[in-house]
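As structure tokens, the structure follows; a few thoughts come after it.
2 protein chains.
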Amino acid sequence: MLDQIRIVLVNTTHSGNIGAAARAMKNMGVTQLVLVDPIAEIDGDAIVRASGAAEILDSCIIVSSLDEAVAGCGLVIGTSARGRHIPWPLCTPRECGTKAKQAVANSNSVALVFGRESRGLTNEELHKCNAHVHIPTNPDFSSLNIAAAVQVLCYEMRMSALEGESAEVEQKSANSWGVEWDYEMAPHSDMERFFDHLKDSLVDIGFLDPNTPKQLMTRLRRMFQRTALDKMEVSMMRGILAAVQRKAKVANDVDKNNESGKK
Amino acid sequence: MLDQIRIVLVNTTHSGNIGAAARAMKNMGVTQLVLVDPIAEIDGDAIVRASGAAEILDSCIIVSSLDEAVAGCGLVIGTSARGRHIPWPLCTPRECGTKAKQAVANSNSVALVFGRESRGLTNEELHKCNAHVHIPTNPDFSSLNIAAAVQVLCYEMRMSALEGESAEVEQKSANSWGVEWDYEMAPHSDMERFFDHLKDSLVDIGFLDPNTPKQLMTRLRRMFQRTALDKMEVSMMRGILAAVQRKAKVANDVDKNNESGKK
Numbered sequence: 000m001l002d003q004i005r006i007v008l009v010n011t012t013h014s015g016n017i018g019a020a021a022r023a024m025k026n027m028g029v030t031q032l033v034l035v036d037p038i039a040e041i042d043g044d045a046i047v048r049a050s051g052a053a054e055i056l057d058s059c060i061i062v063s064s065l066d067e068a069v070a071g072c073g074l075v076i077g078t079s080a081r082g083r084h085i086p087w088p089l090c091t092p093r094e095c096g097t098k099a100k101q102a103v104a105n106s107n108s109v110a111l112v113f114g115r116e117s118r119g120l121t122n123e124e125l126h127k128c129n130a131h132v133h134i135p136t137n138p139d140f141s142s143l144n145i146a147a148a149v150q151v152l153c154y155e156m157r158m159s160a161l162e163g164e165s166a167e168v169e170q171k172s173a174n175s176w177g178v179e180w181d182y183e184m185a186p187h188s189d190m191e192r193f194f195d196h197l198k199d200s201l202v203d204i205g206f207l208d209p210n211t212p213k214q215l216m217t218r219l220r221r222m223f224q225r226t227a228l229d230k231m232e233v234s235m236m237r238g239i240l241a242a243v244q245r246k247a248k249v250a251n252d253v254d255k256n257n258e259s260g261k262k
Numbered sequence: 000m001l002d003q004i005r006i007v008l009v010n011t012t013h014s015g016n017i018g019a020a021a022r023a024m025k026n027m028g029v030t031q032l033v034l035v036d037p038i039a040e041i042d043g044d045a046i047v048r049a050s051g052a053a054e055i056l057d058s059c060i061i062v063s064s065l066d067e068a069v070a071g072c073g074l075v076i077g078t079s080a081r082g083r084h085i086p087w088p089l090c091t092p093r094e095c096g097t098k099a100k101q102a103v104a105n106s107n108s109v110a111l112v113f114g115r116e117s118r119g120l121t122n123e124e125l126h127k128c129n130a131h132v133h134i135p136t137n138p139d140f141s142s143l144n145i146a147a148a149v150q151v152l153c154y155e156m157r158m159s160a161l162e163g164e165s166a167e168v169e170q171k172s173a174n175s176w177g178v179e180w181d182y183e184m185a186p187h188s189d190m191e192r193f194f195d196h197l198k199d200s201l202v203d204i205g206f207l208d209p210n211t212p213k214q215l216m217t218r219l220r221r222m223f224q225r226t227a228l229d230k231m232e233v234s235m236m237r238g239i240l241a242a243v244q245r246k247a248k249v250a251n252d253v254d255k256n257n258e259s260g261k262k
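Sequences listed follow chains A and B, in order. Everything in the first sequence is counted per numbering that gives the first Met the number 0, starting at 0 for the first residue and increasing by one. Everything in the second sequence is counted per numbering that gives the first Met the number 0, starting at 0 for the first residue and increasing by one.
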């Protein structure tokens, strides 16, 4: 399981934190580190704090966007403080371990996404996630060091991986609801293409005004992300959207002709 | 419970680790720090790494022996790597949380004892403990940073303290993820009306042939049912379907006119 877990750090400011995160990962047997547009460099401070986990820094991947970082992942979980504007499926670190295990048993890769030291993940980044995880901190002092957060989540990943190692076989084809499933979960990149297609279609039918989008796409993202669509469902939905767009094109052409007729 | 937990650090070498341990403690709501004969001083580095938890450093107690540090505690648990010479009662961090909770419920104070960065606790120190706790690390890279170890154990203390508390919380407006939600879940009858509307719309756009429906509606039902739509989401989806139907009507009228034109 642990070799399918990807730790994604977004815009990390302190190199020491990257090193300490690498150490926490290796201690727990998690090895894939992806840095999204890091502010800090992997310098001597990072290597000192990695303390023997420098190989994780050596093999880490640096990308420029969150989409690239989580491409191909069937389950993307973002770390979040409580109290976001629109509630999102939220799990504890322990539940996160269970969900990750189920996802990996169903041949999915999992990304755990950690935000900036100063202000975490943006809403836009959080809305790309299937679910959020909240580490239950002291409400009076809730800002965890990022390496400490990586430590807690990697610990729960490891606990989940170790738990009933023998029972692993049973879980062969379960989705993130723990249900036996017939199709693989759709990877993140398929979901992003689906959301683009959905948005275009909503514009075509005149339901979404791209100039005043309000919260429509956010609410639709939340809805479909928490469903954890499988590949078959995404292709079905995209078939429906293509059919909608064909009708919308004919109807919109009629409108255009009527307008030019009026002139 | 958390106010009865004492974190004891023995002969700590790096002041930054003391600071980071204080931060990890405060994040998890644990406040009593005891230093046994520390090598490091509480200097600027400790305060920087404590990052807002300096009050824990201010109020920490410095003693010269482990005996003094754990005086009065009903349960003393020492952190240990595996494979000590003489087997000792050994628990996982999670079991440690349970044991601590039971001890506090019986009016005991609890000490969690952490050893030196370089070589942990001595056998003599470990033998002063009621039990040992082993954080299940990667066997190839088992040396946890001391603040990371404090983080994991304080996290389990907090999880144990919160457990049961959460059961008292009303599930007032929780969805199937057990998350507080902004809208009420849609009742069954709303869902059935939505599925009727969805089916009609799919027929209108020519995606569903009512004579050979296959499994399309079954798959869509499964998908939306497991999402557990809220009322807002159902009304949003029905708004979209209505917009789709308006476009489809115009487009289908064009088709009809074309056909009658051909006749």
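C-beta: ideal position from N, C-alpha, C; glycine also. Keep in mind it's a predicted model, so treat the numbers as computed, not measured.
* Asked: Nearest-angstrom Cα distance between Val132(B) and Met158(A)?
  -> 14 Å
* To do: Verify the CB distance criterion: does Leu161(B) have a CB-CB separation below 8 Å to chain A?
  => yes
* To do: Take His126(A) and list the residues in its own chain whose beta-carbon comes closer than 8 Å to its own, dropping the five residues that flank it on each side.
  => Trp87, Thr217, Arg220, Arg221 and Gln224
* **Spatially closest choice to Glu232(A) from Gly77(A), Pro186(A) and Tyr154(A), by CA coordinates** => Pro186(A)
* **Ser108(B) - partner residues in DSSP beta bridges** => Cys72(B)
* If we cut at 8 Å on Cβ distances, does Glu232(B) have a partner in chain A? -> yes
* Are any of the Cβ atoms in chain A nearer than 8 Å to that of Val47(B)? -> no
* Asked: Can you name the residues of chain A whose CB is closer than 8 Å to the CB of Met216(B)?
  -> Here the premise fails: no neighbours, minimum Cβ distance about 11 Å.
* Inside the region 111-155 of chain B only - alpha helix (DSSP H) runs reaching at least 4 residues -> 122-125
* Asked: From Thr11(B) to Ser79(A), what does the alpha carbon distance come to, in whole angstroms?
  -> 32 Å
* **Boundaries of the beta strand (DSSP E) in which Gln31(A) is found, first to last residue** => Gln31 to Val35
* Going along chain B, which residues have a C-beta under 7 Å from Gln150(A)? -> Ala147, Gln150 and Val151
* By Cβ distance, which residues of its chain are closer than 6 Å to Ile4(B), with the 5 residues on each side in sequence left out? -> Val29, Val109 and Met156
* To do: Determine, using beta carbons only, whether Lys98(B) comes closer than 8 Å to chain A.
  => no
* In three-state DSSP terms, what is Thr78(A)? -> strand
* Asked: At a Cβ cut of 7 Å, what residues of the region 239-258 of chain B count as close to chain A, listed as they run along the chain?
  -> Ile239, Ala242, Val243, Lys246, Ala247, Val249, Ala250 and Val253
* **Three-pair Cβ contact test at 8 Å for the region 251-260 of chain A versus the region 7-26 of chain B** => no
* Asked: According to the neighbour-count rule (16 or more other Cβ atoms, all chains shown, within 10 Å of its Cβ), is Val47(A) buried or exposed?
  -> exposed
* Per DSSP, cross-strand counterpart(s) of Ile4(B) -> Val109(B)
* Is any beta-carbon of chain B found at less than 8 Å from that of Lys127(A)? -> no
* First and last residue of the uninterrupted beta strand (DSSP E) at Ile60(B) -> Ile60 to Val62
* Asked: Out of Glu191(A), Ser64(A) and Leu215(A), which has the shortest C-alpha to C-alpha gap to Leu201(A)?
  -> Leu215(A)
* To do: Would you mind sorting Pro330(A) into buried or exposed? The rule is 16 or more other CB atoms within 10 Å of its CB.
  => Summary: the structure shown does not reach residue 330(A), with chain A confined to residues 0 through 262, and so no result is reported for it.
* Cα separation between Cys153(B) and Ala146(A)? -> 15 Å
* Leaving out the 5 sequence neighbours to the left and right, which residues in its chain are closer than 6 Å to Leu111(A) when beta-carbon positions are compared? -> Ile6, Ile76 and Leu152
* Measuring CB to CB, does Ser14(A) end up less than 8 Å from Ala39(A)? -> yes
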